[in-house]
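Q:
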Amino acid sequence: MVVTRFAPSPTGYLHIGGLRTALFSWLWARRNGGKFVLRIEDTDQSRNNEDAAQAIVDAFEWIGLEHDGEILYQSRRTGVYQMYIEQLLQEGKAYKCYMSKEELDALREAQTARKERPRYDGRYRDFTGTPPEGVAPVIRIKAPTEGTITVFDGIKGEVTFNVDDILDDFIIARADGSPTYNFVVAVDDALMGINEVIRGDDHFSNTPKQLVVYEALGFKAPAFYHVPMIHNSEGKKLSKRDGATDVMEYKRQGYRPEALLNFLVRLGWSHGDQEIFSIDEMKRLFDPNNINKSASIYNTEKLDWLNAHYIKNLANEALARELTPFGVDLNAHDKKEILLDALKERAKTLVELAEMVKEVLTAPAAYDEKAFKKAVKPDSRAVLEAFAAKVEAADGLHLPTDYHALMETVVSEMEIGFGKIGMPLRLALMGKLSGPGVDTIMAAIGREETLARIAGLTAQLD
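Here the sequence shown stands for residues 208 to 669, where the numbers follow my numbering.
(1) So Tyr432 packs on Ile362, CB below 8 angstroms; how close in whole Å?
(2) As an exercise, report each continuous beta strand (DSSP E) stretch of at least 3 residues that is fully enclosed by the stretch 230-290, in chain order.
(3) Can you have a look at Ala236 and say buried or exposed, based on whether 16 or more other CB atoms are within 10 angstroms of its CB?
(4) Residue ranges of each alpha helix (DSSP H) run of no fewer than 4 residues wholly in the stretch 351-421, ordered along the chain?
(5) Specify, as a first and last residue, the run of the alpha helix (DSSP H) that Phe470 falls within.
(6) Rounded to a whole number of angstroms, what is the C-alpha to C-alpha distance between Ala259 and Leu510?
(7) For Asp536, is the classification buried or exposed, using 16 other Cβ atoms within 10 angstroms of its Cβ as the cut-off for buried?
(8) Do Leu424 and Tyr288 count as a contact pair if the criterion is CB distance below 8 angstroms?
(9) To the nearest angstrom, report how far apart Ile518 and Ala527 are at their CA atoms.
(10) So is Ala572 buried or exposed if we call it buried at 16+ other beta carbons inside 10 Å?
(11) Could you tell me which residues DSSP puts in a beta bridge with Val345?
(12) Going by beta-carbon coordinates alone, are Ala635 and Arg654 separated by less than 8 angstroms?
(13) Quick one, which of Gly624, Thr657 and Glu323 has its alpha-carbon nearest His605's?
(14) Can the beta-carbon of Pro429 be found less than 8 angstroms from the beta-carbon of Val404?
(15) Compare the C-alpha of Val264 against each of Arg238, Asp453 and Ser440 and name the closest.
(16) Based on DSSP bridge pairs, tell me the residues matched to Val212.
(17) Within 10 Å of its beta-carbon, does Pro631 have 16 or more other beta-carbons around it, so buried, or fewer, so exposed?
(18) When the Cβ atoms of the stretch 577-587 are set against those of the stretch 551-563, are three or more pairs found closer than 8 angstroms?
(19) Ignore the nearest five residues each way along the sequence and tell me which others in Ala501's own chain have a CB closer than 7 angstroms to its CB.
(20) Alpha helix (DSSP H) containing His611: first to last residue?
(21) Starting from Ala430, trace the beta strand (DSSP E) in both directions and tell me its first and last residue.
(22) In whole angstroms, give me the CA-to-CA distance for Ile652 and Tyr610.
(23) Count the other C-beta atoms from every protein chain shown that fall within 10 angstroms of the C-beta of Phe359, then say buried if there are 16 or more, exposed otherwise.
(24) Mark Ser307 as exposed unless 16 or more other C-beta atoms lie within 10 angstroms of its C-beta, in which case mark it buried.
(25) Should Val633 go down as buried or exposed, given a rule of 16 or more other Cβ atoms within 10 Å for buried?
(26) Is the distance from the Cβ of Thr285 to the Cβ of Gly407 below 8 angstroms?
(27) Could you give the distance in angstroms between the alpha-carbon of Phe484 and the alpha-carbon of Asp494?
(28) Take Val392 as the anchor and find which of Trp476, Thr616, Arg246 and His540 has the nearest alpha-carbon.
(29) Just checking my contact of Val244 with Ile401 at CB under 8 angstroms: how many whole Å lie between their CB atoms?
(30) So Ile270 packs on Leu226, CB below 8 angstroms; how close in whole Å?
(31) Which residue's Cα is closest to the Cα of Leu445: Val645, Ser503, Leu468 and Phe470?
(32) Label Phe390 either buried or exposed according to how many other C-beta atoms from any shown protein chain fall within 10 Å of its C-beta, with 16 as the threshold for buried.
(33) Are three or more beta carbon pairs between the stretch 339-351 and the stretch 308-317 nearer than 8 angstroms?
(34) Between Pro429 and chain C, is any beta-carbon pair separated by less than 8 angstroms?
(35) For Leu467, which residues from the same chain have a beta carbon less than 6 angstroms from its beta carbon, with the 5 sequence-adjacent residues on both sides left out?
(36) Determine the DSSP secondary structure at Ser503, reduced to helix, strand or coil.
Written out as structure tokens, the structure is:
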């Protein structure tokens, strides 16, 4: 059974790159009928942020990536790590190192001066003397001192590291007894049955150290897939300006979770020329072996295009509920179908759609100066009053076609072009010359509001 995991550190909010890694891991587990584990790596108490940890959980709930079993917190597993550290000490595979920070700094300075790679020199590796007084030791693992370590990666292929270039006896427990990252990751992945690890390329350099831990403890290493980074349009690391921000910010900006997932799955993975994937299609088609070897390029226009697609195809009843957090309550509005059908074709985000709805439902407080000069002609007052009279006298005005028919009647009776009524009427309704069709606006706001807005503009024409 395939068992994958997502294991963020709560030192900051969940960002877009992390969410993509989680999505890939989740899809692979789901495609294979396996398990997907969420683990919070919070052993470094000096850097942990409880709000960030909760934000990770909130992001998973919003995006819809359900995990199997309880969320696992490394901070609650200290006893497990201590047990395995003690095991390595007893077996002579790890040892206590009493080297002070000052000694280590001096060693590294000397090595740098000799143009050598700074690293611990193993001076306590086989120490049998009397430990120095007043020094709390760290625990170091006995790493190989020669040879190579080969990583078999599903994306990069087979990569061989020269031990002399990358390793020393690295610390697995700090002086205060707290375990270090590479140690706890290997222990937890093994004990939790994680057999396929999909993670960012920035973790690749950690892999040889983790393989040392697996070997020392007699654990079987998982299969690895290291996903290339996401870059901006200039080929550089993503910044907050580019989109490397808190995932929940995308919710606040009005993006739909399915659009964000569709966008992310295409960052580094493809299936032919297909751009739009349902969740079921992603689960059926995704394979980490098909992830691109090169970095992906973040494209806001593509995200907006996908989000517009999902907004347009969302049922109006559900869409009305989605707009509530953005200050728009259409749930009891009897013309929400007409309004949303007209506006959702034009919106890239829920924020944009909410603003469009507010513009339609709120009478203009002023009129755009340039629009006023362009729309208002000497006969505009007479045209608007003639149309208002038709509206007031008509029965059964419910649909855009009802209002459009009245506009056509006025055009015919007054022998004018359609622009003669359309432009001043749009100005009266919206205060500007943009927006959905005027017939749709009138159907959405109703007869009384339509008459009030026309009267508001004609009062300016005295």
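Just so it is clear, CB atoms sit at the ideal spot from N, CA and C, and this is done for glycine as well. These numbers were taken from a predicted model, which means no experiment stands behind them.
A: A quick look at the data gives this:
(1) Taking the first residue of the sequence shown as position 1, residue 432 is located at position 225. Taking the first residue of the sequence shown as position 1, residue 362 is located at position 155. Indeed they touch by this definition, with Cβ atoms about 5 angstroms apart.
(2) Within the stretch 230-290, the beta strand (DSSP E) runs of at least 3 residues that lie entirely inside it are, in chain order, 242-247.
(3) Reading the sequence shown from its first residue, position 29 is the one you call residue 236. Buried: at least 16 other Cβ atoms inside 10 Å.
(4) At a cut-off of 4 residues, the continuous stretches assigned as alpha helix (DSSP H) that sit fully inside the stretch 351-421 are 370-373 and 388-398.
(5) As a first step, residue 470 is located in the sequence shown; it is residue number 263 there, counting from the start. Judged by DSSP secondary structure, Phe470 falls within the alpha helix (DSSP H) whose first and last residues are Pro464 to Val472.
(6) The residue labelled residue 259 in the question sits at position 52 within the sequence shown. The residue labelled residue 510 in the question sits at position 303 within the sequence shown. Spanning the two alpha carbons is a distance of roughly 25 angstroms.
(7) What you label residue 536 is simply residue 329 of the sequence shown in a count that begins at 1. That one is exposed.
(8) Numbered from its first residue, the sequence shown carries residue 288 at position 81. Numbered from its first residue, the sequence shown carries residue 424 at position 217. For Tyr288 and Leu424, no; Cβs fall outside 8 angstroms.
(9) Indexing the sequence shown from 1 puts residue 518 at position 311. Indexing the sequence shown from 1 puts residue 527 at position 320. Distance between the alpha carbons of Ile518 and Ala527 is about 11 angstroms.
(10) Position 365 of the sequence shown, counted from the start, is the residue given in the question as residue 572. The residue is exposed, with fewer than 16 neighbouring Cβ atoms inside 10 Å.
(11) Residue mapping note: residue 345 aligns to position 138 of the sequence shown, counting from 1. Val345 is bridged by DSSP to Cys304.
(12) For the purposes of this step, residue 635 is taken as the residue at position 428 of the sequence shown. For the purposes of this step, residue 654 is taken as the residue at position 447 of the sequence shown. No, the Cβ-Cβ distance between Ala635 and Arg654 is not below 8 angstroms.
(13) Taking the sequence shown and counting its residues from 1, one reaches residue 605 at position 398. The shortest Cα separation from His605 among Gly624, Thr657 and Glu323 belongs to Thr657.
(14) Counted from its first residue, the sequence shown places residue 429 at position 222. Counted from its first residue, the sequence shown places residue 404 at position 197. The Cβ-Cβ distance between Pro429 and Val404 falls below 8 angstroms.
(15) On the sequence shown, residue 264 is found 57 positions in, with the first residue counted as 1. From the listed residues Arg238, Asp453 and Ser440, the smallest Cα separation to Val264 is found for Asp453.
(16) As a working note, residue 212 is residue 5 in the sequence shown. The amino acid occupying residue 212 in the given sequence is Arg; Val does not appear at that position. Val244.
(17) Against the sequence shown, residue 631 aligns to sequence position 424. The residue is buried, with at least 16 neighbouring Cβ atoms inside 10 Å.
(18) Output reads no: the stretch 551-563 does not touch the stretch 577-587.
(19) Residue mapping note: residue 501 aligns to position 294 of the sequence shown, counting from 1. The residue you asked about is not Ala; residue 501 is Ser in the sequence shown. Around Ser501: Pro435.
(20) Position 404 of the sequence shown, counting from 1, holds the residue named residue 611. Per DSSP, His611 is one residue of the alpha helix (DSSP H) stretching across Pro607 to Met621.
(21) As a working mapping, residue 430 is identified with position 223 in the sequence shown. Ala430 to Val434 is the span of the beta strand (DSSP E), which, as asked, contains Ala430.
(22) As a first step, residue 652 is located in the sequence shown; it is residue number 445 there, counting from the start. As a first step, residue 610 is located in the sequence shown; it is residue number 403 there, counting from the start. Answer to the nearest angstrom: the Cα atoms are 12 angstroms apart.
(23) Here the question's residue 359 lines up with position 152 in the sequence shown. Exposed: under 16 other Cβ atoms inside 10 Å.
(24) Looking up residue 307 in the sequence shown gives position 100. In summary, Ser307 is exposed, with fewer than 16 beta-carbon neighbours lying within 10 Å of its beta-carbon over all protein chains present.
(25) Numbered from its first residue, the sequence shown carries residue 633 at position 426. A small correction: the amino acid at residue 633 is Arg; Val does not occupy that position in the sequence shown. By the 10 Å Cβ count, Arg633 comes out buried.
(26) Here residue 285 corresponds to residue number 78 of the sequence shown, with the count starting at 1. Here residue 407 corresponds to residue number 200 of the sequence shown, with the count starting at 1. Taking 8 angstroms as the Cβ cut-off, Thr285 and Gly407 do not qualify as a contacting pair.
(27) Position 277 of the sequence shown, counted from the first residue, corresponds to residue 484. Position 287 of the sequence shown, counted from the first residue, corresponds to residue 494. The alpha-carbon atoms of Phe484 and Asp494 are separated by roughly 14 angstroms.
(28) Translated into the one-based positions of the sequence shown, residue 392 becomes position 185. By alpha-carbon distance to Val392, the top candidate from Trp476, Thr616, Arg246 and His540 is Arg246.
(29) Your numbering for residue 244 matches position 37 in the sequence shown. Your numbering for residue 401 matches position 194 in the sequence shown. Val244 to Ile401, Cβ: 7 angstroms. Contact.
(30) Against the sequence shown, residue 270 aligns to sequence position 63. Against the sequence shown, residue 226 aligns to sequence position 19. Cβ-Cβ separation between Ile270 and Leu226: approximately 7 angstroms, consistent with a contact (criterion under 8 angstroms).
(31) If you number the sequence shown from 1, residue 445 lands on position 238. The residue with the shortest Cα to Cα distance from Leu445 is Ser503.
(32) By 1-based counting over the sequence shown, the position of residue 390 is 183. By the neighbour-count criterion, in which a residue is buried when 16 or more other Cβ atoms sit within 10 angstroms of its Cβ, Phe390 is buried.
(33) Taking 8 angstroms as the limit for Cβ pairs, the verdict is that the stretch 308-317 does not touch the stretch 339-351.
(34) Checking the listed chains, one finds no chain C in this structure; it contains a single protein chain.
(35) Indexing the sequence shown from 1 puts residue 467 at position 260. The answer, listed in chain order, is Tyr457.
(36) Here residue 503 is taken as the residue at index 296 of the sequence shown, counted from 1. In the structure shown, the three-state DSSP call for Ser503 is strand.
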